[in-house]
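In the numbering used here, the protein residues as written are 28 to 236. Quick reminder that beta carbons are idealized off the backbone N, C-alpha and C, glycines included. The structure displayed is predicted, hence computed values, not measured ones.
Right, dumping it as structure tokens:
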């Protein structure tokens with residue numbers, strides 16, 4: 028018999044608190060990474076924000092929630108909506124096509140589970156050792172094989188994230204876009220913090236590790 032979700036909450040909260048260390052590490056070495064903090068229902072907007080950053084857009088957790096959906100658990104269509112708002116093309120593709128998708132330089136968002144609770148992650152950057160990069164908004168980053176990720180994924184489809192925005196976000200005044208005219212959509216983007224550490228970032232055709 029499965030343990031009720033209410034009884035698992037203390038465990039999930041503990042995982043969330045522990046994950047903050049991994050989030051801090053990932054944010055220092057991935058220029059586009061976005062963590063969800065310790066709030067478990069923020070994996071959707073955090074994953075959407077980091078996928079947007081990876082693909083050439085500009086977002087963060089607070090901004091994603093302000094302009095797309097500010098409360099409740101996000102679904103895949105909410106993530107797709109936020110990426111579309113950034114001018115980034117997405118589409119649902121079969122999990123079996125994940126290798127081909129990554130080989131072409133694109134990324135993918137999929138759901139795994141943490142103690143039975145669905146959780147979004149972002150996969151990209153397949154390297155020469157045939158290991159992809161998983162950016163987990165809760166736990167940080169990890170390299171793993173495609174086969175291992177396929178076993179972890181709970182759906183037979185993933186959300187493909189194309190790596191070239193149709194409308195580069197730097198050309199926009201985000202507060203004057205038609206979809207961003209509400210009072211909630213005036214969140215300013217943070218100024219990137221300069222660091223002397225090596226930055227791991229996505230560039231089309233290049234992997235800096």
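With DSSP collapsed to three states, give me the class of residue 206.
In this prediction, residue 206 scores a pLDDT of 36, lower than 50, which makes its location untrustworthy; the coordinate-derived value is nonetheless stated afterwards. In the structure shown, residue 206 sits in a helix (DSSP, three-state: H, G or I).
Quick one: using the 10 Å Cβ neighbour count with 16 as the cut-off for buried, is residue 171 buried or exposed?
Classification for residue 171: exposed.
Which value, in whole angstroms, describes the spacing of the CA atoms of residue 115 and residue 187?
Spanning the two alpha carbons is a distance of roughly 10 Å.
Comparing the CB of residue 188 with every heavy atom of the ligand MG, is any distance shorter than 7 Å?
The ligand content of the structure shown is nil, which means the ligand MG is not present either.
For residue 164, report the span of its beta strand (DSSP E) as first-last.
No beta strand (DSSP E) holds residue 164; DSSP gives it neither H nor E.
Output the boundary residues of the beta strand (DSSP E) element that contains residue 185.
Unbroken beta strand (DSSP E) run through residue 185: 184–188.
Exposed or buried, what is residue 180 when buried is set at 16 or more other beta-carbons lying within 10 Å of its beta-carbon?
Counting Cβ neighbours within 10 Å, residue 180 comes out buried, since at least 16 surround it.
In the DSSP assignment, what residue or residues form a beta bridge with residue 55?
Beta-bridge pairing links residue 55 to no other residue.
Quickly, what does DSSP pair residue 90 with across the bridge? List them, please.
According to DSSP, residue 90 bridges with nothing at all.
What number of angstroms, rounded off, separates the C-alpha of residue 127 from the C-alpha of residue 151?
Their backbone Cα atoms lie some 12 Å apart in a straight line.
Out of 90, 89 and 69, point me to the one whose CA is closest to residue 145's CA.
Ranking 90, 89 and 69 by Cα distance to residue 145 puts 69 first.
Could you give the residue range of the alpha helix (DSSP H) that holds residue 71?
Residue 71 -> alpha helix (DSSP H) spans 70–81.
Measure the Cβ-Cβ separation of residue 148 and residue 74 and say whether it is below 8 Å.
Cβ distance < 8 Å, so residue 148 and residue 74 count as in contact.
Mapping DSSP to helix, strand and coil, what is residue 136?
Of the three classes helix, strand and coil, the one that applies to residue 136 here is strand, per DSSP.
Report the residue from 59, 57 and 161 whose alpha carbon sits nearest the alpha carbon of residue 175.
The option with the nearest alpha carbon to residue 175 is 161.
Which same chain residues end up closer than 6 Å to residue 210 when comparing Cβ atoms and leaving out the 5 residues on each side of it in sequence?
Only weak support exists for where residue 210 lies, its pLDDT of 36 falling under 50; the value from the coordinates is given anyway. If we look at residue 210 and ignore the five residues flanking it on each side, it has no Cβ neighbours.
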